[in-house]
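Inspection log for the structure reproduced underneath, given as structure tokens.
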Amino acid sequence: MTSIPDPGIPDSGAPTQPSPDALPATAAGVGAPPERRRWRPTIAAVLSVGFGLLVLVAVSLVMWVSLSTAGKNTMSLLRETAELTVESLIGEIGFYLGAARQQSEFLAGVVARGEVDVEDRQALGDAMMGALAA
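Here it is, written out as structure tokens:
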């Protein structure tokens with residue numbers, strides 16, 4: 087019976103020869119493994135990424151400018167609306183309180199002219215009642 091020698095284990099009786107890959111590289115590069123080429127992007131990939139980044143920067147810039155302008159416009163419109171609302175409220179309050187102001191000014195004038203004695207409570211009460219009725 088003959089045995090088949092294992093290629094991974096050298097035969098103990100036969101001289102072994104080193105493989106060509108195991109030999110040292112010579113100055114001329116004979117027997118050296120081939121150099122690996124670096125990965126270089128294609129022109130299509132470079133242009134695609136370049137234009138994509140350019141569009142991204144342009145769109146981002148336009149969005150930033152438009153959002154900041156929109157924020158300023160919104161604040162300006164809110165400020166104007168608030169001012170108009172406050173002015174309208176002041177006008178309405180002045181309209182409603184105008185009658186009371188006129189009556190109090192009338193009573194102050196009557197007292198200042200001496201037509202009503204402040205010490206006479208009955209006369210002062212009648213003057214106030216008359217001012218309210220008017």
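Okay, so the sequence shown: first residue is 87 according to this note's numbering, each after it adds one. Virtual Cβ for every residue (Gly too), placed ideally from N, Cα, C. These numbers come from a predicted model, not from an experiment.
{"Query": "Please report how far the alpha carbon of residue 124 lies from the alpha carbon of residue 141, in whole angstroms.", "Result": "29 Å"}
{"Query": "Taking a contact to mean a Cβ-Cβ separation below 9 Å, would you say residue 217 touches residue 201 in this structure?", "Result": "no"}
{"Query": "According to DSSP, is residue 202 part of a helix, a strand, or is it coil?", "Result": "coil"}
{"Query": "What three-state label does DSSP hand residue 125 in the structure shown?", "Result": "coil"}
{"Query": "Starting from the C-beta of residue 192, find all residues in its chain whose C-beta is less than 7 Å away, skip the five residues before and the five after it, and write them out in chain order.", "Result": "217"}
{"Query": "Express the C-alpha separation of residue 183 and residue 176 in angstroms, rounding to a whole number.", "Result": "10 Å"}
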